[in-house]
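The structure appears below as structure tokens.
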Amino acid sequence: MPRFVLPKRSTPHRIAAIALYRALLLRCSSARLPDDHQRSLRNAVRQKFRRNCKIQSPYQLGLAFRAGYETLDHLDAAAAGNSSSAEFIRTGASSLSSGLKRPPPPRRLFPPREPQPELASLPPEQAVLNVRPYTKVSGPRHVPVLCSANGVPFLRLKKPQPPSLSRVLRQKLARKIMRFDVKVLLNNYWIPLSRQEDVWDAIVYQEHGIDSKGGRDPEGRWVDAMESAYADNVRLYEAELATDKALSRNMQGIVDKETALAVSEGQQVVRGRRKGPRKA
């Protein structure tokens with residue numbers, strides 16, 4: 001038994017409906033009618049198609065398509081100079097309700113987002129790496145934990161994670177992914193393509209004597225620019241990797257100092273998961 005498909009999800013039905021919709025809108029704009037009548041007809045077509053898009057009854061769909069094709073025939077005849085069809089279109093445009101004459105409201109594919117507060121970073125004088133470790137605390141000392149998010153080091157101070165830290169991590173990870181994608185694209189597409197361009201330039205210069213980069217000036221080859229871009233990408237990646245390593249060493253130093261201060265204050269610092277039964 002064939003599976004039932006909703007008309008709005010059926011490809012033949014959608015093709016026929018969209019073709020009729022576009023033809024009606026085009027004929028409404030090209031008909032010899034006043035501007036207000038053309039505008040009313042276009043809005044009525046848009047309103048009718050939007051209201052009928054969920055119809056499932058074959059009988060109702062047949063009536064809707066028949067009305068659309070009859071209107072299309074009258075519009076074609078009115079554009080060709082048929083007075084009766086022109087009068088039919090003018091009478092129909094005048095008798096439309098006020099609701100059909102108005103343009104349909106814009107559709108929202110997704111609910112509107114609430115404005116999010118700006119996630120500003122702390123000023124340099126209040127940054128974690130500049131104020132830690134605290135020499136004195138009013139209560140128990142909370143030793144930060146050194147963590148890594150896909151190679152990006154950060155200090156976990158508390159839970160939940162601050163939104164500003166999440167934003168910085170997302171930006172750094174997006175920059176890493178973008179740099180990796182550029183590296184792959186240069187190595188697998190642009191550099192081989194530039195080598196082929198150099199070969200073609202050399203052939204053109206050898207056969208026709210046309211001055212080209214590959215034929216006369218080997219320093220200005222296409223592949224040189226691509227390899228230079230590839231070297232710049234690798235250099236930026238290595239510089240960012242060195243920055244992350246230095247940052248992780250700095251953060252590890254803060255953790256060690258905070259741990260030493262906590263031990264000197266008589267606290268017990270436990271790393272990892274606690275073993276043994278929990279206290280009631």
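Using UniProt numbering, read the sequence shown as starting at 1 and increasing by one per residue.
For each residue, glycine too, the CB sits at the ideal point set by N, CA and C.
Treat the numbers as computed from the prediction; the structure is a model and nothing was measured.
Apart from the 5 residues on each side of it in sequence, residue 102 sits with its Cβ closer than 7 Å to the Cβ of 43 in its chain, given in chain order.
The three-state reading of DSSP puts residue 156 in strand, counting E and B together.
A Cβ-Cβ contact shorter than 8 Å links residue 89 with residue 74. Annotation for residue 145: the continuous beta strand (DSSP E) segment containing it runs 145-149. In the structure shown, the three-state DSSP call for residue 142 is coil.
Taken through DSSP and simplified to helix, strand or coil, residue 81 comes out as coil.
Around the beta carbon of residue 37, 16 or more other beta carbons lie within 10 angstroms, which makes this residue buried.
Here residue 35 is exposed, its C-beta having fewer than 16 other C-beta atoms within 10 Å.
Secondary structure note for residue 28: its alpha helix (DSSP H) is the uninterrupted segment 11-30. In the DSSP assignment, residue 207 falls within the alpha helix (DSSP H) that extends over 191-208.
Where residue 45 is concerned, the enclosing alpha helix (DSSP H) starts and stops at 35-51. By the Cβ criterion, the region 159-171 is not in contact with the region 244-259, since fewer than three pairs of Cβ atoms, one from each stretch, lie closer than 8 Å. Rounded to the nearest angstrom, the gap between the Cα atoms of residue 202 and residue 23 is 54 Å.
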